[in-house]
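Right, one structure below, let's go through it.
4 protein chains.
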Amino acid sequence: MARNVIKDQQQRELRRNQILTAAASVFTKRGVAVAKISDIATEAGLSYGHVYNFFESKEEILTVLVQSSQERYTELLKEARVGSGTVIDKLRWLISQYMHSSRTGTMYWVVLQAQATEVLSPEEKEAIHRNVHLNRDLLADILRDGQAEGTIAEGNPVELATLLLTLFHNTAMWEYRGFGEPSDLVIDIMLRLVVNNPSK
Amino acid sequence: MARNVIKDQQQRELRRNQILTAAASVFTKRGVAVAKISDIATEAGLSYGHVYNFFESKEEILTVLVQSSQERYTELLKEARVGSGTVIDKLRWLISQYMHSSRTGTMYWVVLQAQATEVLSPEEKEAIHRNVHLNRDLLADILRDGQAEGTIAEGNPVELATLLLTLFHNTAMWEYRGFGEPSDLVIDIMLRLVVNNPSK
Amino acid sequence: MARNVIKDQQQRELRRNQILTAAASVFTKRGVAVAKISDIATEAGLSYGHVYNFFESKEEILTVLVQSSQERYTELLKEARVGSGTVIDKLRWLISQYMHSSRTGTMYWVVLQAQATEVLSPEEKEAIHRNVHLNRDLLADILRDGQAEGTIAEGNPVELATLLLTLFHNTAMWEYRGFGEPSDLVIDIMLRLVVNNPSK
Amino acid sequence: MARNVIKDQQQRELRRNQILTAAASVFTKRGVAVAKISDIATEAGLSYGHVYNFFESKEEILTVLVQSSQERYTELLKEARVGSGTVIDKLRWLISQYMHSSRTGTMYWVVLQAQATEVLSPEEKEAIHRNVHLNRDLLADILRDGQAEGTIAEGNPVELATLLLTLFHNTAMWEYRGFGEPSDLVIDIMLRLVVNNPSK
DNA sequence: CATGAATGAGGCTTCATTCAT
DNA sequence: TATGAATGAAGCCTCATTCAT
Numbered sequence: 001m002a003r004n005v006i007k008d009q010q011q012r013e014l015r016r017n018q019i020l021t022a023a024a025s026v027f028t029k030r031g032v033a034v035a036k037i038s039d040i041a042t043e044a045g046l047s048y049g050h051v052y053n054f055f056e057s058k059e060e061i062l063t064v065l066v067q068s069s070q071e072r073y074t075e076l077l078k079e080a081r082v083g084s085g086t087v088i089d090k091l092r093w094l095i096s097q098y099m100h101s102s103r104t105g106t107m108y109w110v111v112l113q114a115q116a117t118e119v120l121s122p123e124e125k126e127a128i129h130r131n132v133h134l135n136r137d138l139l140a141d142i143l144r145d146g147q148a149e150g151t152i153a154e155g156n157p158v159e160l161a162t163l164l165l166t167l168f169h170n171t172a173m174w175e176y177r178g179f180g181e182p183s184d185l186v187i188d189i190m191l192r193l194v195v196n197n198p199s200k
Numbered sequence: 001m002a003r004n005v006i007k008d009q010q011q012r013e014l015r016r017n018q019i020l021t022a023a024a025s026v027f028t029k030r031g032v033a034v035a036k037i038s039d040i041a042t043e044a045g046l047s048y049g050h051v052y053n054f055f056e057s058k059e060e061i062l063t064v065l066v067q068s069s070q071e072r073y074t075e076l077l078k079e080a081r082v083g084s085g086t087v088i089d090k091l092r093w094l095i096s097q098y099m100h101s102s103r104t105g106t107m108y109w110v111v112l113q114a115q116a117t118e119v120l121s122p123e124e125k126e127a128i129h130r131n132v133h134l135n136r137d138l139l140a141d142i143l144r145d146g147q148a149e150g151t152i153a154e155g156n157p158v159e160l161a162t163l164l165l166t167l168f169h170n171t172a173m174w175e176y177r178g179f180g181e182p183s184d185l186v187i188d189i190m191l192r193l194v195v196n197n198p199s200k
Numbered sequence: 001m002a003r004n005v006i007k008d009q010q011q012r013e014l015r016r017n018q019i020l021t022a023a024a025s026v027f028t029k030r031g032v033a034v035a036k037i038s039d040i041a042t043e044a045g046l047s048y049g050h051v052y053n054f055f056e057s058k059e060e061i062l063t064v065l066v067q068s069s070q071e072r073y074t075e076l077l078k079e080a081r082v083g084s085g086t087v088i089d090k091l092r093w094l095i096s097q098y099m100h101s102s103r104t105g106t107m108y109w110v111v112l113q114a115q116a117t118e119v120l121s122p123e124e125k126e127a128i129h130r131n132v133h134l135n136r137d138l139l140a141d142i143l144r145d146g147q148a149e150g151t152i153a154e155g156n157p158v159e160l161a162t163l164l165l166t167l168f169h170n171t172a173m174w175e176y177r178g179f180g181e182p183s184d185l186v187i188d189i190m191l192r193l194v195v196n197n198p199s200k
Numbered sequence: 001m002a003r004n005v006i007k008d009q010q011q012r013e014l015r016r017n018q019i020l021t022a023a024a025s026v027f028t029k030r031g032v033a034v035a036k037i038s039d040i041a042t043e044a045g046l047s048y049g050h051v052y053n054f055f056e057s058k059e060e061i062l063t064v065l066v067q068s069s070q071e072r073y074t075e076l077l078k079e080a081r082v083g084s085g086t087v088i089d090k091l092r093w094l095i096s097q098y099m100h101s102s103r104t105g106t107m108y109w110v111v112l113q114a115q116a117t118e119v120l121s122p123e124e125k126e127a128i129h130r131n132v133h134l135n136r137d138l139l140a141d142i143l144r145d146g147q148a149e150g151t152i153a154e155g156n157p158v159e160l161a162t163l164l165l166t167l168f169h170n171t172a173m174w175e176y177r178g179f180g181e182p183s184d185l186v187i188d189i190m191l192r193l194v195v196n197n198p199s200k
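Here it is in structure tokens:
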């Protein structure tokens with residue numbers, strides 16, 4: 001009997017996403033280098049051998065995961081920039097989105113390991129590096145907008161961006177470090193880093 | 001004869017420290033889970049078998065390294081608190097010390113991996129967790145001092161401490177992420193997070 | 001209705017032969033142990049799962065292939081023996097047939113692997129061995145005929161047969177070894193091995 | 001205590017040769033693709049993990065083995081050419097050496113598998129091919145010498161060489177095919193292929 | 001009949017750790 | 001003390017085979 005090709009495709013896509021989701025979870029909880037393919041398979045609810053019908057290797061899973069996470073973040077940054085309100089409002093929205101989006105938030109830890117560790121080949125690390133810089137520059141652009149409109153403090157926008165992202169990216173890791181989940185209130189404190197203080 | 005014993009002891013201590021230094025370097029560059037004992041031995045300039053005359057296991061090396069790094073940081077925090085000047089001055093000194101001390105600075109990356117990854121046993125991770133909280137509380141104490149003297153902004157001192165350390169700890173990792181070495185100027189920007197702004 | 005059953009049977013036989021032909025090709029090109037069921041299925045133009053509707057296992061495909069090749073060779077030998085002309089003529093015809101029949105020729109390489117390798121069980125190997133000896137003996141019979149008629153040199157006919165078959169069987173492998181396709185002229189050279197040289 | 005460096009070197013060389021010898025044996029008996037590293041290790045009398053302290057991979061073992069076997073054969077051919085007596089004598093010596101040298105003789109089967117099978121990469125196969133042709137040409141040179149001295153039959157020397165080597169190489173495999181060990185008498189029969197028959 | 005999703009046995013390879021020298 | 005040979009647990013990956021559709 002012939003198969004239902006369309007349903008097969010959907011099922012396949014579903015499986016693939018299950019694996020990616022499971023991988024994100026396992027990479028986050030156990031660490032990228034420590035995570036086993038069989039851990040991922042178990043978490044995804046399939047046999048370890050089947051994972052290889054979707055991905056070439058553990059490395060590829062990591063690469064795909066990091067790439068898509070970085071792309072999603074890029075979209076978020078672009079969306080933030082064209083949003084409404086002052087740049088401060090935009091940043092508040094951006095950070096809130098970042099911290100609450102389960103994917104982006106927890107994925108920072110995975111990206112960090114992929115970038116600062118030798119689990120991937122130099123070429124793959126280089127690609128990640130490029131995207132990290134791209135995204136930093138997008139954040140810097142937003143800050144530059146804010147300096148133009150007077151809501152963001154003076155200073156090298158790239159440096160300010162680096163500081164700001166260092167802060168809110170890592171805040172998303174608080175729960176993994178036993179610091180508890182950060183409240184939304186911390187966003188305003190973070191923004192003190194870059195907000196223009198007219199009183200000085 | 002007695003002389004030799006003492007010299008032997010010193011020699012042994014020297015070797016041990018060479019290994020620890022090498023381990024810190026290799027753990028930082030390659031990643032804790034990826035690092036091989038033979039990498040460490042090579043970097044330390046001895047044979048891999050000899051490493052086991054100083055440490056029980058790779059796990060022990062990591063544990064000792066993390067522990068001593070955390071203790072050094074504890075000392076730094078205590079020293080900062082009893083320093084001279086306002087709390088702002090003390091924080092400036094603290095962060096500067098943290099970022100420039102090659103040991104403390106790069107060790108954050110190792111501690112982070114040890115804490116948020118399953119390379120160590122739950123018990124060992126628990127010990128690290130305790131020290132992380134201890135140190136955060138010490139930083140919070142300093143901030144509380146500052147709130148009392150009026151130089152630090154209002155707000156939950158533990159939360160402020162968590163934000164501040166999240167920022168300056170991770171700034172020490174900039175070079176591993178391709179963000180370049182942070183200048184001393186960033187310290188004042190970081191402090192905007194917690195400094196009291198009397199103009200409001 | 002009855003028609004359909006017959007047609008189905010033919011269709012099934014066709015499929016089966018496609019698989020065997022594909023298997024012969026893949027076994028020859030890639031090696032028996034290296035060949036994958038999916039390689040064979042692809043070459044035969046069907047899905048890998050479907051192969052199991054015709055054969056129990058990879059082992060069975062190989063066994064059937066070898067068996068039928070050996071049987072065909074047996075037929076060839078019998079046909080040669082009852083042919084017309086001198087034994088020299090018969091051998092010339094036999095070798096020519098062997099080398100040009102795509103099946104017999106390339107199949108020698110498969111049989112050799114099956115016989116001298118542990119891809120098959122000892123029992124299956126034993127069966128192949130028996131057929132190999134059977135066929136050698138048939139060739140020896142032909143040589144004996146030739147000795148009787150005076151066209152074949154003296155000597156142990158089994159030994160002569162073994163030498164002769166060693167030569168022409170392996171000549172069929174020249175193209176796989178980069179020696180190019182042998183010309184028909186080589187047959188007469190081969191026959192020097194066994195031809196009676198009245199001049200001595 | 002310092003090690004005995006010289007003895008270590010010798011021991012290491014010994015081990016390496018044990019592995020190669022074991023590999024030749026296992027590859028011959030079980031088949032190159034079927035042979036397991038652990039089979040080789042067991043036969044060599046060491047643990048499977050230790051094999052990797054001498055060779056990168058199973059592929060490398062095979063390559064080294066084939067290469068050295070081909071080189072040994074090249075030497076044999078060169079030695080034969082400069083030997084004493086007629087070319088017929090030289091060939092008799094050559095074939096006898098080939099068939100009795102346990103290494104060269106049984107290694108043909110391994111070389112054949114490596115050359116006609118996809119266990120090695122195309123590059124490695126290409127290198128083997130080159131050596132096979134080189135050695136065939138050396139044999140052709142000897143035959144050409146014989147044609148000059150009148151002891152070898154007319155005809156394309158490369159073709160004659162190919163036929164002759166096809167015969168005596170594969171004769172070395174008789175025992176693996178259940179044909180029993182060939183007697184020395186067969187050598188003279190083999191030589192009929194190429195010997196000049198003055199009577200014609 | 002046909003397809004390819006799914007499983008898991010089994011081989012390859014790495015590397016922490018032990019131990020003879 | 002110092003070296004590196006030796007071991008084998010454990011993870012990666014392949015692919016024959018099964019089975020739902």
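Protein chains in written order, with full-length UniProt numbering: chain E, 1 to 200; chain P, 1 to 200; chain H, 1 to 200; chain U, 1 to 200.
A virtual CB, placed ideally from N, CA and C, is assigned to each residue, including glycine.
The way I'd put it, the stretch 80 to 87 of chain U does touch the stretch 127 to 145 of chain U; three or more beta-carbon pairs between them come closer than 8 Å. Under DSSP, residue 152 of chain U shares a beta bridge with U:195. Not one beta carbon of chain U lies nearer than 9 Å to the beta carbon of residue 99 of chain H. From the beta-carbon of residue 163 of chain H, the residues of chain U found nearer than 9 Å are 167, 171, 182, 186, 189 and 190. Neighbours of residue 127 of chain U in chain H, taken as residues at a C-beta separation under 9 Å, are lacking, since the least C-beta distance is about 12 Å. Close CB contacts of residue 29 of chain U within its chain, under the 7 Å cut and outside five residues either way in sequence, are absent. With a cutoff of 9 Å on beta-carbon distance, residue 112 of chain E and residue 98 of chain E are scored as not near each other.
For residue 50 of chain E, the closest Cβ of chain P is not nearer than 9 Å.
Its chain contains 128 as the residues whose beta carbon lies nearer than 6 Å to that of residue 115 of chain E, once the 5 sequence neighbours on both sides are disregarded; these appear in chain order. Closest in C-alpha terms to residue 197 of chain E, from the list E:157, E:153, E:180 and E:185, comes E:153.
At least one CB of chain U lies nearer than 9 Å to the CB of residue 29 of chain H. By the 16-neighbour rule on beta-carbons within 10 angstroms, residue 19 of chain E is buried. Look at residue 11 of chain P: its C-beta is not under 9 Å from any C-beta on chain E. Annotation: the stretch 98 to 162 of chain H contains no complete segment of the beta strand (DSSP E) (minimum length 3 residues). Residue 105 of chain U is classed as buried because its beta carbon has at least 16 other beta carbons within 10 Å across all chains shown.
In the DSSP assignment, residue 14 of chain E falls within the alpha helix (DSSP H) that extends over 5 to 30. Taken atom to atom, the span from the alpha-carbon of residue 134 of chain P to that of residue 70 of chain P is near 10 Å.
Just so you know, the alpha carbons of residue 174 of chain E and residue 123 of chain E end up roughly 30 Å apart. Annotation: residue 66 of chain E has no Cβ neighbours in chain P at a cutoff of 8 Å; minimum Cβ distance is about 13 Å. The three-state reading of DSSP puts residue 52 of chain H in coil, since its state is none of H, G, I, E or B.
Taking 9 Å as the CB threshold, residue 193 of chain U lines the interface with chain H. Residue 155 of chain U and residue 125 of chain U have their alpha carbons spaced roughly 30 Å apart. Assigned with DSSP and collapsed to three states, residue 190 of chain E falls in helix. By the CB criterion at 9 Å, residue 65 of chain E and residue 24 of chain E fall inside the cutoff. Remark: fewer than three beta-carbon pairs, one from each stretch, lie closer than 8 Å, so the stretch 164 to 172 of chain P and the stretch 4 to 18 of chain H are not flagged as touching. Around the beta-carbon of residue 185 of chain H, fewer than 16 other beta-carbon atoms lie within 10 Å, marking it exposed.
The beta-carbon separation of residue 163 of chain P and residue 189 of chain E, rounded to 6 Å, stays under the 8 Å limit for a contact. Annotation for residue 26 of chain U: 35, 39, 40 and 43 place their beta carbon closer than 7 Å to its own, counting only its chain and skipping 5 residues before and after.
The beta carbon of residue 132 of chain P falls within 9 Å of a beta carbon belonging to chain E, placing the residue at that interface. At a cut-off of 9 Å, the C-beta of residue 135 of chain E has no neighbouring C-beta in chain P. In this structure, the CA atom of residue 45 of chain H is about 19 Å from the CA atom of residue 9 of chain H. With distances taken between CA atoms, residue 166 of chain H lies nearest to H:108 out of H:100, H:11, H:118 and H:108. Apart from the 5 residues on each side of it in sequence, residue 88 of chain H sits with its Cβ closer than 8 Å to the Cβ of 146, 151, 152, 191 and 195 in its chain, given in chain order. C-alpha of residue 59 of chain P to C-alpha of residue 63 of chain E: approximately 28 Å in a straight line.
Annotation: the continuous alpha helix (DSSP H) that includes residue 64 of chain P extends over 58 to 81.
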